[in-house]
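A.B. asks: Got a structure for you, written out below as structure tokens; questions coming shortly.
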Amino acid sequence: MLWNLPYLTVVALIFIGMATILLKRNLIKILLGINILESAVNLLIIALGYREGGVAPIFTLAPSTYMVLPTPQALCLTSIVIGVATSALLLSFTMIIYRKYGTANVDEMRELRE
Amino acid sequence: MILDFIFINLPALVVAVPLLAAFISPLVGRISPAVRKYFVLGATALTAAIAMILAASVYRYGTRIYVFGAMRPDLAVPFDSGGIPIRIMFTVDAMSALMEVIIAVVGLAIVIYSLSADENRSGLEQYYTLMLLLICSSLGMVTTGDLFNFFVFIEISSMASAGLIAYRVEKGRAVEAAIKYFIVSTIAAIFFLFAIAILYGQYNALNIAMLASRMQFSLLDKVALVLLIACLATKAGAVPMHFWTPDAYSLAPSSVTAFLVVASQASLYGLFRYIFTLYNLSLNAATVGWVLIILGMLSMFVGVTMAIPQKDVKRLMAYHAISQTGYMLLGVGTGLAVLGNQPMMDAFGRMAMEGGIFHIINHAMYKGLLFLTAGAIIYRVGTRDMNKMGGLGHKMKWTMVFFMIGALAIAGIPPFNGFASKLMIYESVYLFNPVLAIIAMVVSILTLASFVKVFHSIFMGPELPEYKDVKEAPLPMLAGMAILAAIVILFGFFPQQVVDTLIAPAANALIDQHGYITSVLGGI
Chain S
22 MLWNLPYLTV VALIFIGMAT ILLKRNLIKI LLGINILESA VNLLIIALGY
72 REGGVAPIFT LAPSTYMVLP TPQALCLTSI VIGVATSALL LSFTMIIYRK
122 YGTANVDEMR ELRE
Chain W
12 MILDFIFINL PALVVAVPLL AAFISPLVGR ISPAVRKYFV LGATALTAAI
62 AMILAASVYR YGTRIYVFGA MRPDLAVPFD SGGIPIRIMF TVDAMSALME
112 VIIAVVGLAI VIYSLSADEN RSGLEQYYTL MLLLICSSLG MVTTGDLFNF
162 FVFIEISSMA SAGLIAYRVE KGRAVEAAIK YFIVSTIAAI FFLFAIAILY
212 GQYNALNIAM LASRMQFSLL DKVALVLLIA CLATKAGAVP MHFWTPDAYS
262 LAPSSVTAFL VVASQASLYG LFRYIFTLYN LSLNAATVGW VLIILGMLSM
312 FVGVTMAIPQ KDVKRLMAYH AISQTGYMLL GVGTGLAVLG NQPMMDAFGR
362 MAMEGGIFHI INHAMYKGLL FLTAGAIIYR VGTRDMNKMG GLGHKMKWTM
412 VFFMIGALAI AGIPPFNGFA SKLMIYESVY LFNPVLAIIA MVVSILTLAS
462 FVKVFHSIFM GPELPEYKDV KEAPLPMLAG MAILAAIVIL FGFFPQQVVD
512 TLIAPAANAL IDQHGYITSV LGGI
């Protein structure tokens, strides 16, 4: 049971993230929901590559060759970098919207509803 | 020697040239804006040339692969890796090559057009950087043979598109459209990554060919398939995930909108690629085929009915873009529904798929053309509201001609290219299920009705006093439209030759999963 804990955390985080995105009305909170969702997927990728008792996959002076998988970590790093760029762009959009509309509440953005 | 080197590295160059040009162009812009203009034009022309040479070589000699960081670019499986392709690679088969040519040619036409359409705007350094990045990422999406690499290109494409949609702030409305698009596509991309993680966890590989050869179609694979289809259909703008499309298409600058159409086709390519190459016969083809058909029918019908009451010319065209995406899903979905059933495949399945793929290329051309003409009209008149326009046919004759070509092509009137692909879809789908074909024809008639109305309210009628000094669109804009219009007419007059030389190999490449795997992993 306990070795499933990372996966259960992933599921819980995905639900929290989706609930935040769907239920909250404030743009900043929606963005935080997206970030939670991102962390959930990153955690899943890292958990897939983990071996109990494995060492970091660096061959120089390695204590043993029993290592965790390096590819998921590389994927995760890339995904984190992409996540940072995404958050930055979303936050800057939110800033412009707040400046122009005077609100960050999605219910009050009615310019495009025809 | 140098030519050999270029020829060997073609698949990498087709992505590298726009990527490098994207980040060099702001530096070049420091010299003078005019130099930057010609630099961007030269870079896109070079990209188009590379894409065409690459496509010619793929059609002639078969699938090309390009492995990054290997001793030889075609060495997919290193000697000491135990039969696993460990490196990132590009795989260019006939379908990828076709998509690449579409993207590069439309990209060229759009850059020519935008040289004068967006000349007087501020922030052009960023504009061209994002434009070239968007071209680069779409090319990357159709070239790559690696799932994670596809995810990276999806994200680059979302970011560049969102930046371009928000480019004209328009009192915050364009930014609202952009944030809507970006939130939707980011969530879609996160779930795409989730699907990649599921597949990686089971098969310990990211290479599409490797995954395809190991595919078991377990319960987890089904979950991954659902996530892949949902994500890519969202990015392609199919109903019921279409709500970002009208906002984004109508508020982006027109040249950007024309390219967003092509970028969404790249996602559609991804959808077809993963269903056919990754899963192919291991999935329940009839069920998934019907899912695509139903998505297609919904897109077609909802798109066209929502288009008819619109007043904003670009919003109307955006709804038509949704509706046309439905035809591609219908055609390819029909092909998928009979996959594995050889007699039915020969009778109509292959033809339906060819029709669907032919419609992708046709749609990219005439929809791009229509958005460019809309842009030219808005550029001269200054409003997007069709009720305020009228009598522009007196002053903007060439724009009117190009609009007519595009409108007749989208409505499926001979001798334009839309007719050729729609006829193939009708004929083959009628054999599969007559009701679907009849609905498709009705949608086509509604499209025609809607465009007759648009044409009338923009171009016909007496000259309005407020548009007395409206002039014809500038020459570079007309040149951009002329490239697309020429292709529309050319494909309309010679559909059989185009289908035989370009489309049939692409459809075969999708159907033939074994060929794809063999070309990457060698004979297994």
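Protein sequences appear in the order of chains S and W.
Take the position in the first sequence, starting the count at 1, then add 21; the result is the number in the working numbering.
Take the position in the second sequence, starting the count at 1, then add 11; the result is the number in the working numbering.
Think of the CB as a built atom: it goes at the ideal place given N, C-alpha and C, for glycine as much as any other residue.
Kindly provide the ranges of any alpha helix (DSSP H) runs that are 4 or more residues long and lie completely inside the region 352 to 425 of chain W, ordered along the chain.
C.D. replies: The qualifying runs are 361 to 392, 408 to 422.
A.B. asks: So is W255 (chain W) buried or exposed if we call it buried at 16+ other beta carbons inside 10 Å?
C.D. replies: Per the 10 Å Cβ criterion, buried.
A.B. asks: In chain W, which residues lie with their C-beta within 9 Å of the C-beta of I49 (chain S)?
C.D. replies: Those within 9 Å of I49 (chain S) in chain W number zero; the least Cβ separation is about 12 Å.
A.B. asks: Straight-line CA distance for I121 (chain W) to G367 (chain W)?
C.D. replies: If I take the Cα positions, the gap works out to 24 Å.
A.B. asks: Specify, as a first and last residue, the run of the beta strand (DSSP E) that V46 (chain W) falls within.
C.D. replies: Run containing V46 (chain W): none in the beta strand (DSSP E); it sits in the alpha helix (DSSP H), 44 to 72.
A.B. asks: Mind pulling the chain S residues with CB within less than 8 Å of V163 (chain W)?
C.D. replies: Here the neighbours are T99, I103.
A.B. asks: Between F114 (chain S) and chain W, is there a C-beta pair that is closer than 8 Å?
C.D. replies: With 8 Å as the cut-off, F114 (chain S) counts as an interface residue toward chain W.
A.B. asks: G212 (chain W) versus chain S: which residues are under 7 Å apart at the beta carbon?
C.D. replies: The contacting residues are L69.
A.B. asks: I'd like the span of the alpha helix (DSSP H) that includes Y77 (chain W), first residue to last.
C.D. replies: No alpha helix (DSSP H) contains Y77 (chain W), which is instead part of the beta strand (DSSP E) from 75 to 78.
A.B. asks: Pick helix, strand or coil for T336 (chain W), following the three-state DSSP scheme.
C.D. replies: Helix at T336 (chain W).
A.B. asks: Report buried or exposed for V105 (chain S), applying the criterion of at least 16 other Cβ atoms within 10 angstroms of its Cβ.
C.D. replies: Counting Cβ neighbours within 10 Å, V105 (chain S) comes out exposed, since fewer than 16 surround it.
A.B. asks: To the nearest whole angstrom, what separates the beta carbons of L175 (chain W) and M142 (chain W), a pair I think is in contact under 8 Å?
C.D. replies: Correct: roughly 7 Å between the Cβ atoms.
A.B. asks: Assign H525 (chain W) to one of two classes, buried (16 or more other C-beta atoms within 10 Å of its C-beta) or exposed (fewer than that).
C.D. replies: Exposed is the call here.
A.B. asks: Within a Cβ cutoff of 8 Å, which residues of the same chain sit near G300 (chain W), ignoring the five residues on either side of it in sequence?
C.D. replies: The answer, listed in chain order, is G344, T345, G346, L347, A348, V349, L350.
A.B. asks: So, does the CB of L44 (chain S) fall closer than 8 Å to a CB anywhere in chain W?
C.D. replies: Cβ-Cβ to chain W under 8 Å: no for L44 (chain S).
A.B. asks: Below 8 Å on the Cβ atoms is my contact criterion, and I expect L210 (chain W) with L158 (chain W) to pass it. Report the Cβ-Cβ distance as a whole number of Å.
C.D. replies: L210 (chain W) to L158 (chain W), Cβ: 7 Å. Contact.
A.B. asks: To the nearest angstrom, how far is the alpha carbon of S265 (chain W) from that of V26 (chain W)?
C.D. replies: Rounded to the nearest angstrom, the two C-alpha atoms are 24 Å apart.
A.B. asks: What is the DSSP secondary structure of V302 (chain W), reduced to helix, strand or coil?
C.D. replies: It is helical.
A.B. asks: Against M130 (chain S), what residues of chain W qualify as contacts under a CB-to-CB distance less than 8 Å, listed in chain order?
C.D. replies: In chain order: E187.
A.B. asks: Based on the DSSP output, what are the partners of M88 (chain S) in its beta bridges?
C.D. replies: According to DSSP, which records beta bridges pairwise, M88 (chain S) is partnered with S:V76.
A.B. asks: Terminal residues of the continuous alpha helix (DSSP H) containing V440 (chain W)?
C.D. replies: 428 to 443 is the extent of the alpha helix (DSSP H) around V440 (chain W).
A.B. asks: Under 8 Å, with one C-beta from each stretch per pair, do the region 473 to 480 of chain W and the region 436 to 444 of chain W reach the 3-pair mark?
C.D. replies: Too few Cβ pairs lie closer than 8 Å, so no.
A.B. asks: To the nearest angstrom, report how far apart P93 (chain S) and L217 (chain W) are at their CA atoms.
C.D. replies: Distance between the alpha carbons of P93 (chain S) and L217 (chain W) is about 10 Å.
A.B. asks: Rank S:T115, S:D128, S:I101 by C-alpha distance to the C-alpha of N63 (chain S) and give the top, closest one.
C.D. replies: It is S:I101 whose Cα lies nearest to the Cα of N63 (chain S).
A.B. asks: Near V88 (chain W), what residues of its chain come up, given a Cβ to Cβ distance below 8 Å and the 5 sequence neighbours on each side ignored?
C.D. replies: Excluding sequence neighbours, V88 (chain W) sits near G94, I95, P96, L532, G533.
A.B. asks: Hey, quick one: how far does the alpha helix (DSSP H) through M100 (chain W) stretch, first residue to last?
C.D. replies: Element bounds for M100 (chain W): not the alpha helix (DSSP H) but the beta strand (DSSP E), 100 to 103.
A.B. asks: Does N25 (chain S) pass the burial test, meaning 16 or more other C-beta atoms within 10 Å, or should it be called exposed?
C.D. replies: Flag for N25 (chain S) reads exposed.
A.B. asks: For the candidate residues W:I19, W:I61, W:A56, W:R41, whose alpha-carbon lies nearest to that of M82 (chain W)?
C.D. replies: When each option's Cα is compared against that of M82 (chain W), the closest is W:I19.
A.B. asks: Alpha carbon to alpha carbon, how far is K50 (chain S) from K121 (chain S)? Give it in angstroms, no decimals.
C.D. replies: Spanning the two alpha carbons is a distance of roughly 19 Å.
A.B. asks: Specify the secondary structure class of T107 (chain S) as computed by DSSP and reduced to three states.
C.D. replies: The answer is helix: DSSP assigns T107 (chain S) an H, G or I state.
A.B. asks: So, using beta-carbon positions, are G212 (chain W) and L69 (chain S) closer together than 8 Å?
C.D. replies: In this structure, L69 (chain S) lies closer than 8 Å to G212 (chain W) by Cβ.
A.B. asks: Who are the neighbours of M170 (chain W) on chain S, taking C-beta pairs under 9 Å?
C.D. replies: Residues of chain S passing the Cβ test: I103, A106, T107, L110.
A.B. asks: Within the 8 Å Cβ cut-off, does I57 (chain S) reach chain W?
C.D. replies: With 8 Å as the cut-off, I57 (chain S) does not count as an interface residue toward chain W.
A.B. asks: For my contact list, L447 (chain W) and L294 (chain W) are in at a C-beta cut-off of 8 Å; report their separation, rounded to the angstrom.
C.D. replies: Contact flag wrong, Cβ pair sits at about 21 Å.
A.B. asks: When we look at the beta-carbon of P84 (chain W) and count the other beta-carbons within 10 Å, is it buried (16 or more) or exposed?
C.D. replies: Its Cβ being crowded by 16 or more others within 10 Å, P84 (chain W) is buried.
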